[in-house]
Amino acid sequence: MALNFLSSTAMNINGKEIGAPEHQTFCSFNGFMTQVFVIQTDYWVLTIAMCTYVILAGYKSLSSWVQDQRIFLSCLPWVLSLLWAGIGLKLAGYGDIGAWCWFTSDEVRLLANFVPRWVIIITILSMYARLYFILRKSHKSFISLGNSNSTSEPSRERTITRSNHDVWRYHESDAAGRRRLQRIARLMIMYPVVYMLVWTLPTAIRIYQTIKHTPAPFALQTIDKACIVSQGLVDAIIYGVNESSLSRWRELIFPSSDKDVTETVSARNIDTRVSTRVHSNAAVASSASSSKVIITTSIEQETSSIDKDDGVELTEMRPVFRHNSGLR
């Protein structure tokens, strides 16, 4: 799309009007490519929304099909946009609208582009709203299940062996789940809302010019063109800026800090594995000398078990000498 707009702009700057009869072939091609890329964005946004809804809403068969048919889904927006752009070229044709070539009639642009676009936006809003409530309901069910498990009375002695560390881990995972759900909800609302904001002014201008049959003020037309050409940047920010991409950028910009964080996390994991192994071996050693296993959760007793080397209790070695007066 950028190259298509730059080509028409370059011709206008060089004094070659793209609407001149001798440039009709170029104008038709320029309008055809403009129509392809503009409506293709709508189909891409709709495809992404449908795939997201199918995968997260729990449709197992459709979800498997979506993940297996990535090439087909990637080609679908191209096929639809090329088809509709070809139909537009055949039925209406493309002409000079100022900065580039497109449909010269506001009525045609309104019916061919803006009405289907707002149908897509409303469809996306409906799917994301339903998906939000599905995820929220699932998260509440998970919380209620975890609370029922944490407040239930222990039926056997080994249920008492669950320490406060498990409760802390549950609350930590619950808080992380809440934050993740809120982030997903914000993103689901952000996609259609930002897309809707980008196309609000161009739609209003199309309606105004269709009803009044007069062009809008030059300032509004400039903003209109800016909204149309900026949708690629907006889509790249919305769909491209996420935790994974930000993490990659941090690795490229601050490689040393990310390395330190990785080493710290690895060291913590090693300490956790060593502590768990020492604690479990200490419990096995104590069960050999006692008929009843007593598991304590106090910090003092847990740290004292770490002083043992892999659970082997070091006792004082007394020298044993057998006095034998018969040996010389």
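Numbering (UniProt numbering), first residue to last: 1 to 328.
Backbone N, C-alpha and C define an ideal beta-carbon position, used for all residues, glycine too.
Here the structure is a predicted model, which is why all the values come from computation and not from measurement.
Self-check item: Cβ neighbours of T104 in the same chain (closer than 7 Å, five flanking residues each side left out)
Solution: One-based indexing of the sequence shown puts residue 104 at position 104. So the qualifying residues of the chain are G95 and I97.
Practice problem: Find the nearest neighbour of R206 within the set A112, Q40 and G15, judged by alpha-carbon distance. | Solution: The residue given as residue 206 occupies position 206 in the sequence shown. For R206, the closest alpha carbon among the candidates A112, Q40 and G15 is that of A112.
Practice problem: Ignore the nearest five residues each way along the sequence and tell me which others in C227's own chain have a CB closer than 8 Å to its CB. | Solution: The count along the sequence shown starts at 1 and reaches residue 227 at position 227. V198, W199, L201 and P202.
Exercise. May I ask you to report which of helix, strand or coil DSSP gives W100?
Key: Position 100 of the sequence shown, counted from the start, is the residue given in the question as residue 100. In this structure, W100 counts as coil in the three-state DSSP scheme.
Self-check item: Between the CA atoms of L80 and L91 - distance to the nearest angstrom
Solution: Along the sequence shown, read from residue 1 onward, the residue named residue 91 stands at position 91. Along the sequence shown, read from residue 1 onward, the residue named residue 80 stands at position 80. Computed Cα separation, rounded: 16 Å.
Quiz item: Is it buried or exposed for A85, if we count other Cβ within 10 angstroms and need 16 for buried?
Solution: By one-based count along the sequence shown, residue 85 stands at place 85. The residue is buried, with at least 16 neighbouring Cβ atoms inside 10 Å.
Quiz item: How many Å lie between V36 and M190 at the Cα?
Solution: Mapped onto the sequence shown, residue 36 falls at position 36. Mapped onto the sequence shown, residue 190 falls at position 190. Rounded to the nearest angstrom, the two C-alpha atoms are 25 Å apart.
Exercise. Please state whether DSSP places G31 in a helix, a strand or coil.
Key: Stepping through the sequence shown from its first residue, residue 31 is reached at position 31. Three-state DSSP puts G31 in a helix.
Self-check item: Collapsed DSSP secondary structure at G95 in the structure displayed
Solution: The count along the sequence shown starts at 1 and reaches residue 95 at position 95. Here G95 sits in strand by DSSP.
Exercise. Give the secondary structure of K16 by DSSP, where H, G and I count as helix, E and B as strand, and everything else as coil.
Key: Position 16 of the sequence shown, counted from the start, is the residue given in the question as residue 16. Of the three classes helix, strand and coil, the one that applies to K16 here is coil, per DSSP.
Exercise. Step through the CB atoms of chain D and report whether any lies within less than 9 Å of the CB of R248.
Key: Given the protein chain composition of this structure (a single chain), no chain D is represented.
Quiz item: Around the C-beta of D42, are 16 or more other C-beta atoms found within 10 angstroms, so that it is buried, or is it exposed?
Solution: Sequence index remark: in the sequence shown, residue 42 carries index 42 (1-based). Its Cβ being crowded by 16 or more others within 10 Å, D42 is buried.
Quiz item: Going along the chain, which residues of its own chain have a beta-carbon closer than 6 Å to the beta-carbon of C51, five neighbours each way excluded?
Solution: Here residue 51 refers to the residue found at position 51 when the sequence shown is read from its first residue. Same-chain partners within the cutoff: V66.
Exercise. Select from A10, I39 and L246 the residue whose C-alpha is nearest the C-alpha of W118.
Key: For the purposes of this step, residue 118 is identified with residue 118 of the sequence shown, where counting begins at 1. Measuring C-alpha to C-alpha distances from W118 to each of A10, I39 and L246 identifies I39 as the nearest.
Self-check item: Rounded separation between Q231 and M1 - CA only
Solution: Here residue 231 corresponds to residue number 231 of the sequence shown, with the count starting at 1. Here residue 1 corresponds to residue number 1 of the sequence shown, with the count starting at 1. Distance from the CA of Q231 to the CA of M1, rounded to the nearest whole angstrom, comes to 10 Å.
Quiz prompt | Endpoints, alpha helix (DSSP H) assigned at V229 | solution = Walking along the sequence shown from the start, residue 229 turns up at place 229. The continuous alpha helix (DSSP H) containing V229 extends over residues F218 to V229.
Quiz item: Three-state secondary structure (DSSP) at V194?
Solution: What you label residue 194 is simply residue 194 of the sequence shown in a count that begins at 1. The answer is helix: DSSP assigns V194 an H, G or I state.
Quiz prompt | Integer Cβ distance of K31 from C101, believed to fall under 8 Å | solution = Within the sequence shown, numbered from 1, the residue matching residue 31 stands at position 31. Within the sequence shown, numbered from 1, the residue matching residue 101 stands at position 101. A quick correction: the sequence has Gly, not Lys, at residue 31. Contact between G31 and C101 holds: CB atoms are separated by about 4 Å, below the 8 Å threshold.
Quiz item: Between Y195 and I124, is the Cβ-Cβ spacing less than 9 Å?
Solution: The residue given as residue 195 occupies position 195 in the sequence shown. The residue given as residue 124 occupies position 124 in the sequence shown. Yes, the pair counts as a contact, with Cβ atoms nearer than the cut-off.
Quiz item: So, is I121 buried or exposed, given that buried needs 16 or more other C-beta atoms within 10 angstroms?
Solution: Numbered from 1 along the sequence shown, position 121 holds the residue referred to as residue 121. That one is buried.
Practice problem: Quick one: give me the first and last residue of the alpha helix (DSSP H) that L252 is part of. | Solution: On the sequence shown, position 252 is the one that residue 252 refers to. First-last of the alpha helix (DSSP H) with L252: E243 to I253.
Exercise. Taking S28 and I18 to be in contact with their CB atoms under 8 Å, please state how far apart those CB atoms are, rounded to whole angstroms.
Key: In the sequence shown, the residue the question calls residue 28 occupies position 28. In the sequence shown, the residue the question calls residue 18 occupies position 18. Contact annotation, S28 with I18: C-beta distance approximately 10 Å; criterion of less than 8 Å not satisfied.
Quiz item: Grouping DSSP H, G and I as helix and E and B as strand, with all else coil, what is G240?
Solution: Translated into positions along the sequence shown, residue 240 becomes position 240. Residue state, collapsed to three classes: helix.
Quiz item: Among G93, N12 and L56, which has the Cα closest to the Cα of T25?
Solution: Locating residue 25 in the sequence shown gives position 25, where the first residue counts as 1. Relative to T25, the option among G93, N12 and L56 whose CA is nearest is G93.
Quiz item: CB L62 to CB L135, shorter than 9 Å?
Solution: Along the sequence shown, read from residue 1 onward, the residue named residue 62 stands at position 62. Along the sequence shown, read from residue 1 onward, the residue named residue 135 stands at position 135. At the C-beta level, L62 and L135 stay beyond 9 Å of one another.
Practice problem: With DSSP as the reference, label G58 as helix, strand or coil. | Solution: Within the sequence shown, numbered from 1, the residue matching residue 58 stands at position 58. Note: G58 maps to coil in three-state DSSP.
Exercise. Check each candidate in Q209, K225, Q221 and Y132 and name the one with the smallest Cα separation from F5.
Key: Within the sequence shown, the letter at position 5 stands for residue 5. If we check each option's Cα against that of F5, K225 comes out closest.
Exercise. Report all residues from its chain with a CB closer than 6 Å to the CB of D106; omit the five preceding and five following residues, and keep chain order.
Key: Within the sequence shown, numbered from 1, the residue matching residue 106 stands at position 106. Here the set comprises R206, Q209 and T210.
Quiz item: So the alpha helix (DSSP H) E22 belongs to, where does it begin and stop?
Solution: Within the sequence shown, residue 22 is the residue found at index 22, counting from 1. Looking at the DSSP string, E22 is not in any alpha helix (DSSP H), and its letter there is neither H nor E.
Quiz item: Is residue 335 helix, strand or coil by DSSP?
Solution: The chain is shown from 1 up to 328; residue 335 falls before or after that span and cannot be answered.
Quiz item: By Cβ distance, which residues of its chain are closer than 7 Å to V108, with the 5 residues on each side in sequence left out?
Solution: Taking the first residue of the sequence shown as position 1, residue 108 is located at position 108. Counting only Cβ-Cβ distances below 7 Å, and skipping sequence neighbours, we find A92.
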